[in-house]
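Chemist:
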Amino acid sequence: MTETPLQSIINIGTWMLILAPTYSTKIFTGRTVMTTYVIPFVHRAYFLHQHGLAFVVAPSKNFSDALPNQYLGLTNTMKNSSPTNHFFAVELDTALTIEIQETTANHIGIDINSLNSAKSYYAGYYDDRSGSFQNLSLSSGEAKQVQVEYNGEEKQINVTIAPVEMEKPARPLISYTYDLSTVLQEPAYIGFSSSTGPVDSQHYVLGWSLNMNRPASALDITKLPKLPREGPKPRSTLLETILPIATATFIIVAGAITILLVNRKLRYSELKEDWEVEFGPHRFSYKDSYHATEGFKSKHLLGAGGFGKVYKGVLPSSKLDVAMKKVSRESMQGMIEFIVEVVSIGHIRHGNLVQLLGYFMRKGELLLVYEYMSNGSLHKYLYYDEYNTTLNWARMFQIMKDIATGLLYLHEKWEKVVVHRDIKAGNVLLDSKMNGRLGDFGLARLYDHDTDLQATHVVGTMGYLAPEFIRTGKASPLTDMFAFGAFLLEVTCGQR
Numbered sequence: 000m001t002e003t004p005l006q007s008i009i010n011i012g013t014w015m016l017i018l019a020p021t022y023s024t025k026i027f028t029g030r031t032v033m034t035t036y037v038i039p040f041v042h043r044a045y046f047l048h049q050h051g052l053a054f055v056v057a058p059s060k061n062f063s064d065a066l067p068n069q070y071l072g073l074t075n076t077m078k079n080s081s082p083t084n085h086f087f088a089v090e091l092d093t094a095l096t097i098e099i100q101e102t103t104a105n106h107i108g109i110d111i112n113s114l115n116s117a118k119s120y121y122a123g124y125y126d127d128r129s130g131s132f133q134n135l136s137l138s139s140g141e142a143k144q145v146q147v148e149y150n151g152e153e154k155q156i157n158v159t160i161a162p163v164e165m166e167k168p169a170r171p172l173i174s175y176t177y178d179l180s181t182v183l184q185e186p187a188y189i190g191f192s193s194s195t196g197p198v199d200s201q202h203y204v205l206g207w208s209l210n211m212n213r214p215a216s217a218l219d220i221t222k223l224p225k226l227p228r229e230g231p232k233p234r235s236t237l238l239e240t241i242l243p244i245a246t247a248t249f250i251i252v253a254g255a256i257t258i259l260l261v262n263r264k265l266r267y268s269e270l271k272e273d274w275e276v277e278f279g280p281h282r283f284s285y286k287d288s289y290h291a292t293e294g295f296k297s298k299h300l301l302g303a304g305g306f307g308k309v310y311k312g313v314l315p316s317s318k319l320d321v322a323m324k325k326v327s328r329e330s331m332q333g334m335i336e337f338i339v340e341v342v343s344i345g346h347i348r349h350g351n352l353v354q355l356l357g358y359f360m361r362k363g364e365l366l367l368v369y370e371y372m373s374n375g376s377l378h379k380y381l382y383y384d385e386y387n388t389t390l391n392w393a394r395m396f397q398i399m400k401d402i403a404t405g406l407l408y409l410h411e412k413w414e415k416v417v418v419h420r421d422i423k424a425g426n427v428l429l430d431s432k433m434n435g436r437l438g439d440f441g442l443a444r445l446y447d448h449d450t451d452l453q454a455t456h457v458v459g460t461m462g463y464l465a466p467e468f469i470r471t472g473k474a475s476p477l478t479d480m481f482a483f484g485a486f487l488l489e490v491t492c493g494q495r
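Take 0 as the starting number for the sequence shown in numbering that gives the first Met the number 0 and just add one per residue.
(1) Under the criterion of a Cβ to heavy atom distance below 7 Å, does Val89 qualify as lining the ligand NAP?
(2) With the cut-off set at 8 Å, would you say Glu90 and Gly51 are in Cβ contact?
(3) So, are the CB atoms of Leu179 and Phe27 less than 8 Å apart?
(4) Over the uninterrupted alpha helix (DSSP H) stretch that includes Glu489, give me the two end residues.
(5) Suppose the cutoff is 6 Å on Cβ atoms and the five residues either side in sequence are ignored; what does the same chain contact list for Ser174 look like?
(6) Just to confirm, is the Cβ distance from Leu205 to Pro224 under 8 Å?
(7) If contact is defined by three or more beta carbon pairs under 8 Å, each pair taking one atom from either stretch, is the region 185-192 in contact with the region 144-158?
(8) At which residue ranges does the region 281-314 contain complete beta strand (DSSP E) runs of 3 or more residues, listed in the order of the chain?
(9) Whose CA, out of Phe249, Lys118, Ala169, lies closest to the CA of Glu101?
(10) How many whole angstroms separate the CB atoms of Gly307 and Val321, which I take to be in contact at a CB cut-off of 8 Å?
(11) With a floor of 4 residues, list each alpha helix (DSSP H) that falls wholly inside the region 349-397, ordered by position along the chain.
(12) What three-state label does DSSP hand Ser63 in the structure shown?
(13) By Cβ distance below 8 Å, which residues in the same chain neighbour Ala403 in space, the five residues on each side in sequence not counted?
(14) Tell me which same chain residues have a C-beta within less than 6 Å of the C-beta of Leu377, skipping the five on either side of it?
(15) With a cut-off of 8 Å, do at least 3 Cβ pairs link the region 214-224 to the region 30-39?
(16) Going along the chain, which residues of its own chain have a beta-carbon closer than 7 Å to the beta-carbon of Arg282, five neighbours each way excluded?
(17) Which word fits Tyr310, buried or exposed, when buried means at least 16 other C-beta atoms lie within 10 angstroms of its C-beta?
(18) Is Tyr120 near Ile111, with beta carbons less than 8 Å apart?
(19) Name the residue from Glu185, Ser317, Gln155, Val368 whose alpha carbon lies nearest to the alpha carbon of Pro171.
(20) From this set, Ser113, Val56, Ser23, which residue's C-alpha is nearest Leu66's C-alpha?
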């Protein structure tokens, strides 16, 4: 099959599934199946990479219960790794997701019934001359050619990737032995599934060929389609040379009307600072924030602390439950630096940390948007009688381990050192399964690994502050650990 027409397109939010005509799974029994395709990934912001694209063979076109993002539209949290999935995929992923046991962001993996890859490796290729490994960035925007080969007799899967203008490397990037005939079911739908997550990015398949018992037909790279052009269209020469007077008159009249309309609209609109442009995907609109909480009505108020009020809301576009925290002006010293750190922290993905989805700012007021934790904070289970019978000691011990795991990730596992600065029972939130998650990053600060920490003003909660932090004003992972120790005593003894 060469340049096969794409038969089915299903688009759900940030997920797109493209499937070719039906084939029999018998093609994977005792035969060699080879496919070649050319892909570029285009990201508007080079440092924000989200998820990717997978070549997939599946028994159905119905993936209505699948999730986007790290699951690439192929499965979901409950069904991941289920033997009833019956799919084979080769994923090209640009995001690191700890939840599915990934160890690097820029990688290629072989997936069988699960997005927990059976085998994966850094994206790249082995040079035929030197034998050295050459890294490739999947998110560079440059086209790459991927070859997937399955030998039905030897049950061998080989995956190779290289720049589009290069010959196929002799040594595969990944080799894995597995009998696909034991996984796949009739019929066999062959194609691609893609998910971009919340980041503004595009995944393209510029060419594709598939053959049985012989090499996949070579793709003529000179005939591959061009990527859609970014930016505004060039001005019309006709209007600039032949109709200057008419154009000038139209501009003057239209400009006057536009000024009147814009001045009227700006009374109610939100203005973005120049430095906010790069953080666009993480910025929520005033309209969405207002409607999510019905104008921040008191009935949606979850609580209030020293750094602002917290409201429950439902985003009108996605129907996602969120918690929105209005940060008081006193807590926003150095507005630009504060927003930069907030958005950077929003890149963290970990099962024991409350995910920071984004922010909203209007007229000097800052709103932080978090994923909603349905069971609230651990504080109420410790100190309110109507809740304290819900948690037994085994669950309390598991929650303490959950927070320890989240802290380890913040201090040592992420690309930067994140010092939380306000660890306490009130900032430990419980999700729908009563797992502990560390939240409220309003006071958190970022540092590069192996750098000297700078003194700041003392913030946090008395009783959890390390003596050296009070004395020097330097927050560090060690001051976080002091607060964590106080938290352990609080949970163990049930006393503040």
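Built from N, CA and C at the ideal position, the CB exists for glycine as well.
Modeler: This is what the structure gives:
(1) The ligand NAP is not part of this structure, which contains no ligands at all.
(2) Position 91 of the sequence shown, counted from the first residue, corresponds to residue 90. Position 52 of the sequence shown, counted from the first residue, corresponds to residue 51. It is a contact, given that the beta carbons lie within the stated cut-off.
(3) By 1-based counting over the sequence shown, the position of residue 179 is 180. By 1-based counting over the sequence shown, the position of residue 27 is 28. Cβ distance < 8 Å, so Leu179 and Phe27 count as in contact.
(4) Sequence index remark: in the sequence shown, residue 489 carries index 490 (1-based). Glu489 -> alpha helix (DSSP H) spans 476-492.
(5) Here residue 174 refers to the residue found at position 175 of the sequence shown. Hits under 6 Å: Asn157.
(6) If you number the sequence shown from 1, residue 205 lands on position 206. If you number the sequence shown from 1, residue 224 lands on position 225. Result yes, Cβ atoms of Leu205 and Pro224 sit closer than 8 Å.
(7) no
(8) 300-304, 307-313
(9) Here residue 101 corresponds to residue number 102 of the sequence shown, with the count starting at 1. Looking at the Cα atoms, Lys118 is the closest of the given residues.
(10) One-based indexing of the sequence shown puts residue 307 at position 308. One-based indexing of the sequence shown puts residue 321 at position 322. Contact between Gly307 and Val321 does not hold, since the beta-carbon distance rounds to 15 Å and is not under 8 Å.
(11) Positions of the alpha helix (DSSP H) runs, each at least 4 residues long and wholly inside the region 349-397, are given as 377-382, 384-387 in order along the chain.
(12) As a working note, residue 63 is residue 64 in the sequence shown. Annotated three-state conformation of Ser63 is coil, per DSSP.
(13) The residue labelled residue 403 in the question sits at position 404 within the sequence shown. Counting only Cβ-Cβ distances below 8 Å, and skipping sequence neighbours, we find Phe483.
(14) The residue labelled residue 377 in the question sits at position 378 within the sequence shown. Hits under 6 Å: Ala424, Val427.
(15) Judged by Cβ distances under 8 Å, the region 214-224 makes contact with the region 30-39, as three or more pairs qualify.
(16) Locating residue 282 in the sequence shown gives position 283, where the first residue counts as 1. Excluding residues within five positions, the ones whose Cβ falls inside 7 Å are Glu275, Gly357, Tyr358, Phe359.
(17) Sequence index remark: in the sequence shown, residue 310 carries index 311 (1-based). When all chains shown are included, Tyr310 counts as buried.
(18) On the sequence shown, position 121 is the one that residue 120 refers to. On the sequence shown, position 112 is the one that residue 111 refers to. In this structure, Ile111 does not lie closer than 8 Å to Tyr120 by Cβ.
(19) Stepping through the sequence shown from its first residue, residue 171 is reached at position 172. Nearest in C-alpha terms to Pro171, of all of Glu185, Ser317, Gln155, Val368, is Gln155.
(20) The residue labelled residue 66 in the question sits at position 67 within the sequence shown. Ranking Ser113, Val56, Ser23 by Cα distance to Leu66 puts Ser113 first.
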